[in-house]
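Input: a single structure, listed below in structure tokens.
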Amino acid sequence: MATWSNFSLQNSASPLMEQIIFFYDHTLIILVMITILVSYLMMSLFFNKYINRFMLEGQMIELIWTIIPAITLIFIALPSLRLLYLLDELNKPLITLKSIGHQWYWSYEYSDFNNIEFDSYMTPMNEMNKNNFRLLEVDNRIILPMNNQIQIMVTATDVIHSWTIPSLGVKVDANPGRLNQTNFFINRPGIFFGQCSEICGANHSFMPIVIESISIKNFINWINNYS
Ligand code: CUA
Numbered sequence: 001m002a003t004w005s006n007f008s009l010q011n012s013a014s015p016l017m018e019q020i021i022f023f024y025d026h027t028l029i030i031l032v033m034i035t036i037l038v039s040y041l042m043m044s045l046f047f048n049k050y051i052n053r054f055m056l057e058g059q060m061i062e063l064i065w066t067i068i069p070a071i072t073l074i075f076i077a078l079p080s081l082r083l084l085y086l087l088d089e090l091n092k093p094l095i096t097l098k099s100i101g102h103q104w105y106w107s108y109e110y111s112d113f114n115n116i117e118f119d120s121y122m123t124p125m126n127e128m129n130k131n132n133f134r135l136l137e138v139d140n141r142i143i144l145p146m147n148n149q150i151q152i153m154v155t156a157t158d159v160i161h162s163w164t165i166p167s168l169g170v171k172v173d174a175n176p177g178r179l180n181q182t183n184f185f186i187n188r189p190g191i192f193f194g195q196c197s198e199i200c201g202a203n204h205s206f207m208p209i210v211i212e213s214i215s216i217k218n219f220i221n222w223i224n225n226y227s
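Numbering (UniProt numbering), first residue to last: 1 to 227.
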């Protein structure tokens with residue numbers, strides 16, 4: 001999760017988030033190279049004394065500085081498209097989780113297993129334990145097995161919310177009257193935090209999402225003992 005002085009992105013908990021981080025680094029390096037080149041060119045333009053009163057055009061240099069940015073854009077666009085299609089690819093999910101946005105809490109349904117349903121409210125400050133994170137802890141966490149393809153169906157009952165978990169690279173809008181789908185694969189155990197990221201009203205900041213990722217054995221155990 002993000003903590004104080006955490007710069008850049010959170011550590012990934014899924015293979016796709018790892019790819020997103022690689023793409024982010026790749027794009028940032030290109031950006032830095034462009035910034036350095038342009039700054040150098042501007043500096044040398046400001047501080048030189050070369051004057052050519054009759055220069056109106058330079059076909060060759062104009063050709064070069066048109067084509068090079070175009071090629072640079074392709075180097076960003078192609079990996080971006082690859083990621084876009086990878087993120088939407090879903091085959092044989094083991095579990096489908098429904099998450100429904102409400103003002104201002106989430107509710108979840110595990111329709112695969114005798115219709116487990118529960119609401120998930122933020123833990124208020126006066127009920128927090130010493131090891132809880134303020135504004136991030138909930139009363140009922142989502143329990144999911146790691147190393148499995150998981151399908152998520154997202155919708156809402158009142159206004160638009162957004163189901164967002166940075167460490168899994170997931171962000172889906174929850175629209176009333178629509179059913180949106182996404183998927184992820186958690187590759188390690190842990191607790192992963194998210195927040196609503198669609199301005200949905202007064203308590204928008206107070207409807208966090210918590211996923212507890214456990215082994216499949218413990219998950220089956222949890223399903224069997226759920227009452
Ligand atoms: Cu729900 Cu913002």
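Note that beta-carbon positions come from the ideal geometry of N, C-alpha and C, so glycine has one too.
Got a sec: does the ligand CUA put a non-hydrogen atom nearer than 7 angstroms to the Cβ of Met207?
yes
Do you know offhand how far Pro93's Cα is from Ser162's?
22 angstroms
Which residue comes first and which comes last in the beta strand (DSSP E) that contains Val172?
Val170 to Ala174
Roughly how many whole angstroms lie between the Cα atoms of Ala2 and Arg53?
57 angstroms
Pick helix, strand or coil for Ile186, following the three-state DSSP scheme.
coil
Residue range of the alpha helix (DSSP H) that Val32 falls in?
Its alpha helix (DSSP H) spans residues Pro15 to Phe46.
Verify whether the separation of the beta carbon atoms of Gln103 and Asp158 is less than 8 angstroms.
yes
Is the segment 202-212 in contact with the segment 108-125, if contact means three or more CB pairs nearer than 8 angstroms?
yes
At a cut-off of 7 angstroms, is His204 close to the ligand CUA when judged by its beta-carbon and the heavy atoms of the ligand?
yes
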